[in-house]
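Trainee: Structure provided below as structure tokens; questions to follow.
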Amino acid sequence: MSRARFGVDRYRRRQRVWNFVESPYVVHAVLFLAVFFIITPLVWDLVTSLKTREGVLALTYLPQDPTLAAYERALFDRGFWQAVVNSVIVASASTAVVMLLGTPAGYVFSRFRFPFDNAVFVFVLFTRLFPPIGLVTPYYRIMTSTGLQNTKVGIVIANVYLWLPLVIYIMRNFFITIPQALDEAARVDGCTKVQAFRHIVFPVVLPGFAFAFTVSTDLNSMTIPVATFLFVGDTSIDWAAMTAAAVVAVIPSALVVVFFQRYIVVGMTGGLKGE
Amino acid sequence: MYRSERREDYQVAVYEVIPMSESSEDIHVDGTAREASDERDVSLRLDGVKKVFGDGEVVAVNDFSMEIYEGEFIVLVGPSGCGKTTTLRTVAGLEEPTEGRILIDGENVAGQDPRERDIAMVFQSYALYPHKTVRENIGFPLEIRKYPADEVEERVVETAEMLGIGELLDRRPADLSGGQQQRVALGRAVIRSPKLFLFDEPLSNLDAKLRIEMRTELNKLHDRVGKTSVYVTHDQAEAMTLGDRVVVMNDGEIQQVAPPEEVYARPVNQFVAGFIGEPPMNIFDASATMTEDGVRVTAGGFDLTLPPSVAETVRSWGRDLDRLELGIRPESFEDAALLELGIRPESFEDAALLDVPPADGRSFEARVMVVEPMGAHTDLAVRATGHEDDESAEFTARVSNDTDAVAGETVRLAVALDEVHLFDAVSGDNLLV
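Protein chains in written order, with the numbering used here: chain A, 1 to 275; chain B, 1001 to 1433.
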């Protein structure tokens, strides 16, 4: 009896531990911590951006006399607006090119067999695994020799090089979750291969497309972060204006995330099954 | 009946057994088929179709040749991996055959896209377009061919009504039950009038009850639409009930092409015999000796005397009579006690086949191991007397439900002698057809 009894007791004890770990209190505490860590810098940013230039140094948590002056300085005085415009242009152009090339490429890698297909795919991924810092010198050489240094086109090309493999990979994985019978049904129903992609496969993969789109837009909007360093002067740093610029920089990303939230969840949890 | 009338047409010319041998130049269907084509138009012709996957390692389909006539319903049946789906996909244009030709209405379709072949196909997974409504799904084949919108709408409604899904037109596939999805898939196929319908195991995802319902509906649909259809299944019940002719395949090769009744009653080899029929045919190691009355076949624990007509066939073989296999379908047995009482199930109607009471050589005793009453009939798991301890000697006898057989006791089983089969133990060929 004792042996069996012992086993049951141990089982019950373990069950109690798990019941506690999985209880709403613990789960919420963990979630709260996670949110706290993520949101604290943002709140700090926001609070600081509402202070005056001198108020930043006053070492109070809340601004003594809240003002939007920092935003005024950030957006109008320092050419930050130009950086935002550049960001939008570069991000849109890079994203457009990446998605335009990456989606069909992902489809091809998911569906068609051709000589060395796996080798080509691994090679595509390999280019992304190369440490970006190692690319700085060759990039610089290429850009200067083609006259593209300090141009938006140059940045777009660099972005495309960096993010295209990732998008191809993401899109390929989404396409793989879509049964091939769908393409085949479309082709039997009267579609060419391209029509089958356009009318059937692409609309079905749209959530995946939205996910890849979000990821690449986010990663491509790199010029605003650079622009925040405009506020580092020779003799002083305008912390308030810098944080104001950072808050502004967050807005586009935040909007994209809010708008595509559903698809991001789908993308993160890997797959369109059950759609 | 419409269906059986058509079957009689084929009987003239189309029964054709394609041997398993490789060197089949001289024994293709062509000879017989050419006579037949005078009467009926050939809708689909496969000519030596071979499909190899990988670098020649996997031969999925080997030397598949047959002609399918206008309006015929052909069922390809076989175990999984026998090449039936691959054959269908080569017809659809989703795979290109490695060798051989495919002709649809006399036109060689080699290299043509599926859309150019004027076919419709129903997939095992239905392959409904998840982002489109039922209306858009059914109408898609017309829409992509740029039919005017009002005509598309009209035909969608008409098709949906015919399939009993008229009220579901604005739903999406995810909101439909399996049976409804199946109907949408059928609707998408029948809305056009293609030259050929292809079905790839369309009922295998349905539960048993629905599958039987849809089977009946498919039958009705085919009678109404009357189009040439090629249907792939691993379910022999579907093959038997749907097919005008059944093509039994194994290991990428055709085993037998014949109407369902023929495949059942006269299987050309042991594979077909074992595959068609449920429960499967019992196979016994056997040997034969010629006697005055006919042929005495000795299997484990019992003897059967086959009638003189069989004896003539056997005499003509001139082969080793010690290495045979005897095949008896479970339903070819009957509880001899019931025959004495005058209760004769269909297979025993010809009293001449059987003395009453059954004499030796037509019946034998066996120990009942398990009794499984099925309602309409009763299945007995039995072992012939003298082999009670031999598990491998156990076989199934399907007898009338009036039987008094009790597990552990002995029953006398009569055999419908005109329904037994003798197979060559080595090649598996049926020696009596």
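C-beta atoms are modelled at their ideal positions from N, C-alpha and C, and glycine is treated no differently.
No experiment lies behind these values; they were computed from the predicted model shown.
Does the CB of B:Ser1023 have a neighbour CB from chain A at under 7 Å?
Mentor: Note that B:Ser1023 has pLDDT 39, beneath the 50 cutoff, so the model's placement of it is unreliable and no number is given.
Trainee: On the CB-based measure, 16 or more other CB atoms within 10 Å of its CB, does B:Glu1035 come out buried or exposed?
Mentor: Its pLDDT being 44, under 50, B:Glu1035 is placed unreliably by the model, and nothing is read from it.
Trainee: Please look up how many angstroms separate the CB atoms of B:Leu1176 and B:Leu1186, rounded, as I've assumed it's under 8 Å.
Mentor: Rounded, the Cβ-Cβ distance is 13 Å, inconsistent with contact.
Trainee: For A:Ser87, count neighbouring C-beta atoms within 10 Å of its own C-beta (all shown protein chains included) and say buried if the count is 16 or more, exposed if not.
Mentor: Buried is the call here.
Trainee: Starting from B:Leu1044, trace the beta strand (DSSP E) both ways and give me its first and last residue.
Mentor: It spans Val1042 to Phe1053 - the beta strand (DSSP E) in which B:Leu1044 sits, taken as one unbroken run.
Trainee: Spell out the partners DSSP gives B:Leu1103 in its beta bridges.
Mentor: For B:Leu1103, which the question treats as bridged, DSSP gives the partners B:Arg1045 and B:Asn1108.
Trainee: I need the boundaries of the alpha helix (DSSP H) containing B:His1222, first residue and last residue.
Mentor: Residues Ala1208 to Val1225.
Trainee: Cutting at 8 Å between CB atoms, please list the residues of its own chain near A:Tyr61, excluding the five before and the five after it.
Mentor: Val47.
Trainee: Would you mind stating whether B:Glu1393 and B:Val1382 have Cβ atoms separated by less than 7 Å?
Mentor: The question names Glu, yet the displayed sequence has Ala at residue 1393 of chain B. Cβ atoms of B:Ala1393 and B:Val1382: not closer than 7 Å.
Trainee: Helix or strand or just coil, what does DSSP make of A:Thr235?
Mentor: A:Thr235 falls in the coil class under three-state DSSP.
Trainee: Contact defined as beta carbons within less than 8 Å: I believe B:Leu1431 pairs with B:Phe1423. What is the distance between those atoms, to the nearest angstrom?
Mentor: About 7 Å; that satisfies the 8 Å criterion.
Trainee: Taking 7 Å as the CB-CB limit, is B:Pro1202 close to chain C?
Mentor: Looking at the structure shown, chain C is missing, and the protein chains on hand are A and B.
Trainee: Please list, in chain order, the chain A residues whose beta carbon lies closer than 7 Å to that of B:Ile1138.
Mentor: The contacting residues do not exist; B:Ile1138 stays about 10 Å from chain A at best.
Trainee: What residues match up with B:Asp1424 in a beta bridge as DSSP calls it?
Mentor: In the DSSP output, where bridge partners are listed per residue, B:Asp1424 has B:Leu1324.
Trainee: What residues are listed by DSSP as bridge partners for B:Met1290?
Mentor: DSSP output for B:Met1290 lists B:Val1295 as bridge partner(s).
Trainee: Taking buried to mean at least 16 other C-beta atoms within 10 Å of its own C-beta, is B:Asp1244 buried or exposed?
Mentor: Buried.
Trainee: Tell me which same chain residues have a C-beta within less than 6 Å of the C-beta of A:Tyr11, skipping the five on either side of it?
Mentor: Cβ neighbours of A:Tyr11 beyond the five flanking positions: none.
Trainee: Helix, strand or coil for A:Val26 per DSSP?
Mentor: A:Val26 falls in the helix class under three-state DSSP.
Trainee: Which stretch, first to last residue, makes up the beta strand (DSSP E) that contains B:Asp1335?
Mentor: Its beta strand (DSSP E) spans residues Phe1333 to Asp1335.
Trainee: Quick one, are the C-beta atoms of B:Tyr1126 and B:Gln1181 less than 7 Å apart?
Mentor: Yes, these two residues count as a Cβ contact at 7 Å.
Trainee: Which class does B:Asp1150 belong to by DSSP, given the choice of helix, strand or coil?
Mentor: B:Asp1150: helix per DSSP, three-state reduction.
Trainee: Please go through the segment 1141–1204 of chain B and give each complete beta strand (DSSP E) segment of 3 or more residues, from N-terminal end onward.
Mentor: Listed in chain order, the complete beta strand (DSSP E) runs (minimum 3 residues) inside the segment 1141–1204 of chain B are 1196–1200.
Trainee: Comparing alpha-carbon positions, which option in B:Lys1146, B:Pro1097 and B:Val1399 lies nearest B:Val1415?
Mentor: The shortest C-alpha separation from B:Val1415 is found at B:Val1399.
Trainee: Starting from B:Asp1379, trace the beta strand (DSSP E) in both directions and tell me its first and last residue.
Mentor: From DSSP, the beta strand (DSSP E) with B:Asp1379 extends over His1377 to Ala1384.
Trainee: Of all the options B:Pro1260, B:Ile1254 and B:Leu1203, which has the alpha carbon lying nearest to the alpha carbon of B:Thr1233?
Mentor: Here the closest residue by C-alpha is B:Leu1203.
Trainee: In this structure, does DSSP put A:Asp183 in helix, strand or coil?
Mentor: If DSSP states are grouped into helix, strand and coil, A:Asp183 belongs with the helices.
Trainee: To the nearest angstrom, how far is the alpha carbon of B:Thr1032 from that of B:Met1066?
Mentor: Summary for B:Thr1032: the model assigns pLDDT 42, below 50, so the residue's position carries little reliability, and this model does not support an answer.
Trainee: Just to check my reading of the structure: B:Val1263 and B:Ile1276 have Cβ atoms closer than 8 Å, yes? What is that Cβ distance to the nearest angstrom?
Mentor: Between B:Ile1276 and B:Val1263 the Cβ distance is about 5 Å, and since that is below 8 Å, they are a contact.
Trainee: I'd like to check one pair, A:Leu182 with A:Ile170: are the Cβ atoms closer than 7 Å?
Mentor: Not closer than 7 Å, so no.
Trainee: Take the Cβ of B:Asn1250 as the centre, count every other Cβ of all protein chains shown within 10 Å, and call the residue buried at 16 or more, exposed below.
Mentor: Classification for B:Asn1250: buried.
Trainee: Quick test of your reading: A:Asp45 and A:Thr243, contact by CB under 8 Å. State the CB separation rounded to the nearest angstrom.
Mentor: Confirmed, about 5 Å.
Trainee: Ordered along the chain, which non-local residues of its own chain (more than five positions away) have a Cβ less than 6 Å from that of B:Lys1084?
Mentor: Cβ neighbours of B:Lys1084 beyond the five flanking positions: Leu1076, Gly1078, Val1232 and Met1249.
Trainee: Which residues, in order along the segment 158–192 of chain A, keep a beta-carbon less than 8 Å from a beta-carbon of chain B?
Mentor: Those residues of the segment 158–192 of chain A that come within reach of chain B (Cβ to Cβ, closer than 8 Å) are Pro179, Ala181, Leu182, Glu184, Ala185, Ala186, Arg187, Val188, Asp189, Gly190, Cys191 and Thr192.
Trainee: Using a Cβ-Cβ cut-off of 7 Å, state whether B:Arg1172 counts as contacting chain A.
Mentor: So no, B:Arg1172 is outside the interface.
Trainee: If we cut at 7 Å on Cβ distances, does A:Ile200 have a partner in chain B?
Mentor: For A:Ile200, the answer is yes, since a Cβ of chain B falls inside 7 Å of its Cβ.
Trainee: Let me know if B:Lys1227 comes out buried or exposed under the rule of 16 or more other beta-carbons within 10 Å of its beta-carbon.
Mentor: Result: buried.
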